[in-house]
Amino acid sequence: WMIVNGNGVAMTQKTDTKLCLIVPRIYEEKNILELSFPYMKPVQIALNIDGRFSNTQAMLCQSKVCGDRIEGIDCGDDVAEWLSDVLCTSGLRLIRQSLNDRRSSKNRRTEDTSSQAISLTNQAQYLLINKTSVKWLMNKVEDWYDLEEENKSDKLDGFIDRFRGNLIIEAPKVLEELHWHSVQMGQ
Numbered sequence: 094w095m096i097v098n099g100n101g102v103a104m105t106q107k108t109d110t111k112l113c114l115i116v117p118r119i120y121e122e123k124n125i126l127e128l129s130f131p132y133m134k135p136v137q138i139a140l141n142i143d144g145r146f147s148n149t150q151a152m153l154c155q156s157k158v159c160g161d162r163i164e165g166i167d168c169g170d171d172v173a174e175w176l177s178d179v180l181c182t183s184g185l186r187l188i189r190q191s192l193n194d195r196r197s198s199k200n201r202r203t204e205d206t207s208s209q210a211i212s213l214t215n216q217a218q219y220l221l222i223n224k225t226s227v228k229w230l231m232n233k234v235e236d237w238y239d240l241e242e243e244n245k246s247d248k249l250d251g252f253i254d255r256f257r258g259n260l261i262i263e264a265p266k267v268l269e270e271l272h273w274h275s276v277q278m279g280q
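Offset between the sequence shown (1-based) and the working numbering: plus 93.
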């Protein structure tokens with residue numbers, strides 16, 4: 094999924110930091126995606142793709158995949174209005190990646206012309222999250238003070254999940270990862 098503005102440009106946390114306050118939950122048994130936001134009623138979106146949704150073309154811009162045209166499925170007016178309300182921006186739409194979308198990455202380091210299917214990520218297929226930096230950020234964002242969790246560990250895990258990282262590490266210093274030139278896993 095991705096959120097696009099009225100011009101079809103994908104929104105990112107770099108351009109709208111309030112995006113990190115949207116909490117997605119998938120309930121497979123109910124076949125729904127639920128989005129919640131502090132002090133707002135949650136919205137639910139059906140996971141199954143059927144005739145209620147219309148195919149739409151969205152251009153990904155201002156991202157590493159800028160210029161790639163993707164085929165997406167508009168998730169409807171209810172979620173669009175909800176997103177516009179919570180993010181205080183009119184004309185927003187939630188687009189789900191179509192099963193027919195054939196976006197792929199090209200291997201730029203070699204002459205290899207084969208490609209690998211990629212998702213709607215705006216920067217990279219991998220996102221590294223430093224727990225130490227997220228813990229620091231938790232204390233800086235006023236809206237996060239009031240959010241209730243069972244304990245501090247659950248609260249931290251919840252915030253880490255919001256960034257949707259797939260490599261979670263814990264470095265000794267806050268924002269240390271900004272100065273790294275490489276990462277090695279294993280020996």
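The C-beta atom is built at its ideal place from N, Cα and C for all residues, glycine as well.
Since the model is a prediction, treat every value here as computed from it, not as a measurement.
Helix, strand or coil for L187 per DSSP?
strand
Cβ-based burial, M49 [other Cβ within 10 Å; buried from 16]:
Since the first and last residues shown for the chain are 94 and 280, residue 49 lies out of range.
C-alpha gap between V102 and V172, whole angstroms:
17 Å
Rounded to whole angstroms, what's the CA-CA distance from T108 to W175? Just pull it up for me.
19 Å
With H, G and I counted as helix, E and B as strand and the rest as coil, what does DSSP make of L271?
helix
Here's a check: name, in chain order, each residue in its chain whose Cβ is nearer than 6 Å to the Cβ of L268, leaving out the five neighbours to either side.
S226
Confirm, please, whether the CB-CB distance from G184 to G99 is below 7 Å.
yes
Am I right that I253 and K233 are in contact with their C-beta atoms under 8 Å? What's the rounded C-beta distance?
Not a contact, Cβ separation roughly 15 Å.
Whole-angstrom distance between Q190 and F256, CA atom to CA atom
19 Å
Coarse secondary structure for M95, derived from DSSP in three states
strand
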